[in-house]
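A.B. asks: Using numbering that gives the first Met the number 0, the letters of the sequence shown map in sequence onto residues 0 to 328. C-beta: ideal position from N, C-alpha, C; glycine also. One structure is given below, represented as structure tokens, and several questions about it will come after.
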Amino acid sequence: MPRVLFVGGLGRSGSTLLELLLAQSPDVCAVGEVVHLWERALGADERCGCGERFTACPFWRQVGESAFGGWSTIDRDEVLALKDRVDRTRHIPRLAKGSLAAAELADVRRYADLYTRIYRAAIEVTGASVVVDSSKHASLAFALRWAEGLDLRVLHLVRDSRAVAYSWGKQVKRPEVVDGEDFMPTFSPFEVSKLWTAQNAAFHLLAARASVLRLRYEDFTTDPAGTVRRLREFAGLPDDPAALRILTGDDSRGDLEPSPPASPVRVHSVAGNPLRFSGGPLQVRRDEAWRSRLPRRSRAVVSLATLPFRLRYGYLGQRESTSRTGETQ
């Protein structure tokens with residue numbers, strides 16, 4: 000039964016960096032945002048995190064063969080139609096129920112089985128013990144809850160809504176696009192507020208029905224070594240200090256012995272932050288540009304619209320409360 004660490008939450012919360020860090024251990028296989036495989040990989044043949052087109056990547060070719068007998072056997076239009084019936088935020092209330100009608104259950108399990116096959120194949124190809132899927136969409140996490148033969152563990156990753164709003168307002172190029180030029184979408188502060196609230200509320204709901212661990216981005220960047228140990232334990236993996244040697248700087252290495260910077264293991268990832276194409280040493284540092292660059296009006300809109308969950312997570316204003324790690328934010 001494949002074991003999966005599903006990273007959930009709203010994008011621009013540090014999931015790609017966390018995924019890359021976890022993937023430095025051979026017992027972890029990170030595959031990026033599998034939810035986008037059907038359109039961006041099979042449809043547009045975008046670049047894998049290794050730099051190759053999806054169809055030219057040896058890893059994904061092997062995964063396709065193992066999971067489905069080759070990607071050519073997949074009817075992409077049928078999968079996208081199934082995805083629309085199952086994997087949408089509007090379907091979460093239905094997916095959160097204790098039972099489903101027979102036809103609905105058949106759709107959900109058929110859709111979840113596609114992912115289960117991919118996870119199982121990734122483990123077979125790499126010999127890893129855990130697959131990390133950073134798809135983030137709460138609706139997919141709810142669908143995977145109904146999967147048969149899947150050990151699902153969900154990481155609910157949270158970041159200050161104002162930082163997320165600032166990040167989604169920036170224009171970011173998508174280097175995985177092969178032909179032409181494309182950019183990641185941008186959202187207004189109010190749109191981000193709605194998305195941030197909806198996604199976080201959904202993962203609170205999921206926590207009553209599945210194994211969910213919540214992590215704040217700010218705590219991760221304060222103590223990356225401790226975070227990795229905590230997540231490996233949550234995923235059922237033994238402690239592996241060697242996985243953190245990829246980090247640079249004494250603060251990032253924590254209690255590890257100093258070692259020369261090394262290049263990270265390249266991850267065969269579908270979609271995600273452009274950071275996944277970086278070949279340099281991984282550096283964990285908190286990005287707080289929003290404090291000086293997010294316009295006052297935008298900050299007010301986001302602060303008010305996301306107030307309930309900001310209070311719950313400890314984001315109390317410009318002068319933040321002391322986090323669990325003891326650092327004043």
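Quick one: Cα of M0 to Cα of V163, how far?
C.D. replies: Their backbone Cα atoms lie some 35 Å apart in a straight line.
A.B. asks: Does DSSP put L19 in a helix, a strand or coil?
C.D. replies: Correct three-state label for L19: helix.
A.B. asks: Can you give the beta carbon distance from V191 to L4, rounded, assuming they're within the 8 Å contact cut?
C.D. replies: About 25 Å; that fails the 8 Å criterion.
A.B. asks: Checking contacts by CB at 8 Å: is K193 closer than that to chain B?
C.D. replies: You won't find chain B in this structure, because it holds only one protein chain.
A.B. asks: Keeping to the same chain, check which residues put their C-beta closer than 6 Å to that of S65; ignore five residues upstream and five downstream.
C.D. replies: Same-chain partners within the cutoff: A120, E123.
A.B. asks: Roughly how far, in whole angstroms, is the beta-carbon of V266 from the beta-carbon of A40, given that I think they are within contact range, below 8 Å?
C.D. replies: V266 to A40, Cβ: 14 Å. No contact.
A.B. asks: Candidates M183, L149, L154, S187: which alpha carbon is nearest Y165's?
C.D. replies: It is S187.
A.B. asks: Once DSSP output is grouped into helix, strand and coil, what is the label at H90?
C.D. replies: Reduced to three states, the DSSP call for H90 is helix.
A.B. asks: Taking only the alpha-carbon atoms, compute the straight-line gap between V153 and V34 and give it to the nearest angstrom.
C.D. replies: Distance between the alpha carbons of V153 and V34: 15 Å.
A.B. asks: In this structure, does DSSP put D222 in helix, strand or coil?
C.D. replies: Three-state DSSP puts D222 in coil, outside helix and strand.
A.B. asks: Tell me the residue span of the alpha helix (DSSP H) that contains A197.
C.D. replies: It spans 188-205 - the alpha helix (DSSP H) in which A197 sits, taken as one unbroken run.
A.B. asks: Quick check: the segment 280-299 against the segment 173-183, are there 3 or more CB pairs under 8 Å?
C.D. replies: Touching, no.
A.B. asks: At 3 residues or longer, what runs of the beta strand (DSSP E) sit wholly inside the segment 0-63?
C.D. replies: The qualifying runs are 2-7, 27-29.
A.B. asks: Let's test the definition: count the other Cβ atoms within 10 Å of the Cβ of S133 and tell me whether it reaches 16, buried, or not, exposed.
C.D. replies: Result: buried.
A.B. asks: Would you check if the distance between the CB atom of R2 and the CB atom of D222 is smaller than 8 Å?
C.D. replies: Not in contact: R2 and D222 (Cβ atoms no closer than 8 Å).
A.B. asks: List the DSSP bridge partners of R215.
C.D. replies: R215 is bridged to V157.
A.B. asks: Could you tell me whether the segment 65-83 touches the segment 17-37, where touching means 3 or more Cβ pairs closer than 8 Å?
C.D. replies: Result yes; three or more Cβ-Cβ pairs closer than 8 Å.
A.B. asks: Do you know whose CA, among R228, D83, R116, lies nearest Q61's CA?
C.D. replies: Cα-wise, what sits closest to Q61 is R116.
A.B. asks: I need the boundaries of the alpha helix (DSSP H) containing K82, first residue and last residue.
C.D. replies: Segment 75-85, the alpha helix (DSSP H) holding K82.
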